[in-house]
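Here is the structure we will look at, set down as structure tokens.
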Amino acid sequence: FHIMEILARSAVYRPVAMVRRPIQAERFDAIGIESVFGDLEGDVRSVPSGFGRVIFAAGSTGSDFHGIDQEGAKRFIDACAAARVGKFIMLSAMGADAPQKHDVLREYMLAKQAADLHLRASGLAFSICQPGYLNDQPARGRISIANLLIGFGVISRRDVAATLVACLPQDVALNRLFVIWNGDIPIQQALDSLGQRKEPAATID
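Numbering (my numbering), first residue to last: -12 to 192.
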């Protein structure tokens, strides 16, 4: 929802929210956002028709990692590729590159890794954002960023939403996978630095 709150104020993009239930559409309608119905467990081939950019932030919230976070995401990626979507921004998870390091979250990380790999092989232009553990703190507008992470950090949902929206321009974080967590770099500056960074990883204490 934070993503759409930001986009509702945009003078550049005309946002459309994909929803599964009418009550979700009502929530977006209240802030002036158009909705389209789509179910990641079903046929989504027609959903992204006419879309120029996609931010994929859907998830099962623990109910069905394989069916939604993995296979549902892959179906939607394929639909976007067929619809020739200009860019696909994926909300992934910090640690999805190394699912074997997780015990409790291993199934989730395996699903996110599979979706990320499918996107990278899809032919779509993409950005893959792997945020740290999410909290409900206010937006700071500042983050830390790296190409690969050793360790774990935290970040607010609002800063993650702002980062995903900032990836919408075609040349921002183009075909890059990156990790983010709380930090002191303005979001746009952090994303712009991706093409300049040489270090392969960052460690969080």
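Think of the CB as a built atom: it goes at the ideal place given N, C-alpha and C, for glycine as much as any other residue.
Burial state of T48 is exposed, judged by a 10 Å Cβ sphere holding fewer than 16 other Cβ atoms. Contiguous alpha helix (DSSP H) elements confined to the stretch 46 to 134 occur at 60 to 69 and 93 to 107, taking only those with 4 or more residues.
Within the same chain, and ignoring the five residues on either side of F38 in sequence, the residues whose Cβ sits closer than 6 Å to its Cβ are V72.
Nearest neighbour of G82 by Cα position, chosen from V141, G19 and A153, turns out to be V141.
Residues P2, I18, G19 and I20 of the same chain have their beta carbon placed closer than 8 Å to that of A(-5), with the five preceding and five following residues left out of the count. At the C-beta level, L111 and F165 stay beyond 9 Å of one another. Remark: three or more beta-carbon pairs, one from each stretch, lie closer than 8 Å, so the stretch 118 to 129 and the stretch 139 to 159 are flagged as touching. In the three-state scheme derived from DSSP, where H, G and I count as helix and E and B as strand, I(-7) is classed as helix. Scanning its chain for C-beta atoms nearer than 8 Å, with the 5 sequence neighbours on each side dropped, one finds around G170 the residues R129, I130, S131, I132 and A177, in chain order. Counting C-beta atoms within 10 angstroms of its own C-beta, R8 has fewer than 16 neighbours from the protein chains shown and is therefore classed as exposed.
With respect to the C-alpha of G25, the residue from V6, A60, N162 and A68 having the closest C-alpha is V6. F165 sits in a strand when the DSSP states are folded into three classes. Of the residues assessed, D56 falls on the buried side of the cut-off, its CB having 16 or more other CB atoms within 10 angstroms.
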